[in-house]
Amino acid sequence: MTSFAPLQTEYDVIIAGGGPAGLASALSFARSGWKTCVIEPSPIETLVNPSFDGREIALTHHSMHWLKEAGVWPYIASHAICPLKVARIESGQEGGPSLLFSPPQGQDSADALGFLVANHLIRKALYQRLCEEENVTLRAGIAVHDFKATRDDVTLNLTDSSMLKARLLVAADGRFSKLRDQAGIGAIIHDFGRNVLVCRVKHDVPHDNVALQWFDEEQTIALLPVSDEEGKDCFSSLVLTLPPGEIERLKSVSPDEFGEEVTKRTRERLGKLVLASGRITYPLKAVYAHRFHAQRFALIGDAAVGMHPITAHGFNLGLKGQETLVKSLLQGSGDPGDRRALERFSYQHRWHTAPLFAATNAIAVAYTRDEFPFLIARRIGLGLAERLTPFKKAVTRFLMDPAA
Ligand SMILES: Cc1cc2nc3c(=O)[nH]c(=O)nc-3n(C[C@H](O)[C@H](O)[C@H](O)COP(=O)(O)OP(=O)(O)OC[C@H]3O[C@@H](n4cnc5c(N)ncnc54)[C@H](O)[C@@H]3O)c2cc1C
8 MTSFAPLQTE YDVIIAGGGP AGLASALSFA RSGWKTCVIE PSPIETLVNP SFDGREIALT
68 HHSMHWLKEA GVWPYIASHA ICPLKVARIE SGQEGGPSLL FSPPQGQDSA DALGFLVANH
128 LIRKALYQRL CEEENVTLRA GIAVHDFKAT RDDVTLNLTD SSMLKARLLV AADGRFSKLR
188 DQAGIGAIIH DFGRNVLVCR VKHDVPHDNV ALQWFDEEQT IALLPVSDEE GKDCFSSLVL
248 TLPPGEIERL KSVSPDEFGE EVTKRTRERL GKLVLASGRI TYPLKAVYAH RFHAQRFALI
308 GDAAVGMHPI TAHGFNLGLK GQETLVKSLL QGSGDPGDRR ALERFSYQHR WHTAPLFAAT
368 NAIAVAYTRD EFPFLIARRI GLGLAERLTP FKKAVTRFLM DPAA
């Protein structure tokens, strides 16, 4: 991969956005023989060495398989990968019902529901792998300002006033995608009215590779097991969902006060919690594009489907989307902007994502509303679901998404 390209160059595919979805798609396009360019506004140092952003990605088996097959997996240190053995969901009520998910016994590599890896390490590994590819050019520190698509090609104007041409523009510019708007594609935006605070915490009680999630009155908490360099299981990722004002307050209190408060909020399930990283916050807004394609234009990653993180599937779906896109184009006429192939991609990606997006939003609403009927329904619901074996099997399969 080259990091600098001459101005006024033509490519088969230009990808706007060097986030995880954009980098993964660049790898897929380059491996398929297409001359590819990635445009990313952040400076090159951010791509070479991305900083911790609080997101711990629960990779499905399918995603792990893709990362292995694409040669990305060896760039992730084994001590940074934490297998997820059990997911435990509770109502927050002392001694109340809980719902447990664990992998089915006796299947290959099914000793884990999934694998937790920090988002910045996935981004770094994707970048490192991309450096091996000759077909990719990366232009960092510059953004796509606007574009014009015709029947034959797309012309892009960049923020440094230079111009590029491609046969396909892939927008991977995140959930508030400007390029999606410029393509005239609307989106459903669901604002949950809550913010999420994520950070790493150290604790005395080992996590035993169990992810804990519970839905208390006025707060949703997840403690996700993560690995540290020493390979001990005394670090977790804390994911706290609260109204925006509360999140701002918790972000600004001293580390000691923060540790005390979250130890209380988690009812000492993992003992005393000590802040072990920066505190990062995100607004909770889910986005679903009305369409995933236009003339010589495709949407992938959060720009296409920006999930609520409760079901941990945003990146997993982003990987699937770019796989579906490249596969559809490879079955097309050979033109990376082939209209029929783009329609096929759009249809298939909608099929893969729409039910999950709707189900995730329904869960997020049911578990963040504190009116009496919602409280009762989720307490009864958890106890009932625990006894419904077919339901549990179906959810386990969805969480794991076994490699086909
Ligand atoms: C707290 C939290 C926990 C999560 N946990 C999970 C999980 O467990 N499992 C899971 O699968 N997913 C999870 N996700 C979701 C996952 O992090 C996202 O789906 C994923 O990072 C989105 O990647 P992306 O590349 O589509 O978008 P982004 O990471 O938003 O990247 C977009 C890129 O586009 C660039 N850009 C913007 N404008 C332009 C422009 N005009 N021109 C060129 N480039 C542009 C930006 O600089 C940026 O680099 C979580 C998310 C959060 C917030």
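In terms of the numbering used here, the sequence shown opens at residue 8 and continues consecutively. No residue lacks a Cβ here, since even glycine has one placed at the ideal position from N, Cα and C.
In this model, G26 and G285 are separated by some 21 Å (Cα to Cα).
Less than 8 Å divides the Cβ of L176 from the Cβ of A23. The DSSP assignment places 68-76 as complete runs of the alpha helix (DSSP H) inside the segment 65-102, in order along the chain (cut-off: 4 residues). Burial check for T331: the Cβ neighbour count within 10 Å reaches 16 or more, so the residue is buried. The Cβ neighbour count for L106, taken over all protein chains shown within 10 Å, is at least 16; the residue is labelled buried.
A direct Cα-to-Cα measurement between D215 and C241 gives close to 9 Å. In its chain, beyond the 5 residues on either side, P50 have a beta carbon closer than 6 Å to the beta carbon of G148. Shown here, E264 sits in a helix according to DSSP, grouped into three states. Nearest in C-alpha terms to G252, of all of R201, I287, E139, is R201. Exclusion of P232 from the 7 Å shell around ligand 1 follows from its C-beta lying no nearer than that to any non-hydrogen atom of the ligand. No Cβ-Cβ contact shorter than 8 Å links V45 with A31. F299 and G344 have their C-alpha atoms spaced approximately 13 Å apart.
Distance from the CA atom of S335 to the CA atom of L54, rounded to whole angstroms, is 28 Å. The residue from P409, Y295, S353 with its alpha-carbon nearest to that of L363 is Y295. Unbroken alpha helix (DSSP H) stretches of 4 residues or longer found wholly inside the segment 286-349: 321-337, given in chain order. Non-local beta-carbon contacts of H356 in its own chain, meaning distances under 7 Å to residues more than five positions away in sequence, involve F299, A311, G328, T331 in chain order. With a beta-carbon spacing of about 15 Å, V217 and V246 fall beyond the 8 Å limit used to define contacts.
Taking the CA atoms as reference points, H72 sits about 35 Å from D153. Using a Cβ-Cβ distance cut-off of 8 Å, the segment 131-140 and the segment 74-91 are in contact, since at least three pairs of beta carbons, one from each stretch, lie closer than that value.
Between the segment 259-277 and the segment 138-148 there are fewer than three C-beta pairs closer than 8 Å, too few to call the two in contact. Beta bridge pairing from DSSP links G121 with L91.
In the DSSP assignment, the residues bridged to T43 are V20, V143.
At a Cβ-Cβ threshold of 8 Å, D408 and H127 do not count as neighbours. Sequence-distant Cβ neighbours of E350 in its own chain, meaning closer than 7 Å and more than five residues away, are H300.
The continuous beta strand (DSSP E) containing I196 extends over residues 194-209. Non-local C-beta neighbours of S39 in its own chain, meaning closer than 7 Å and more than five positions away in sequence, comprise V333, L337, ordered along the chain.
Remark: C-beta atoms of A150 and P48 approach each other more closely than 8 Å.
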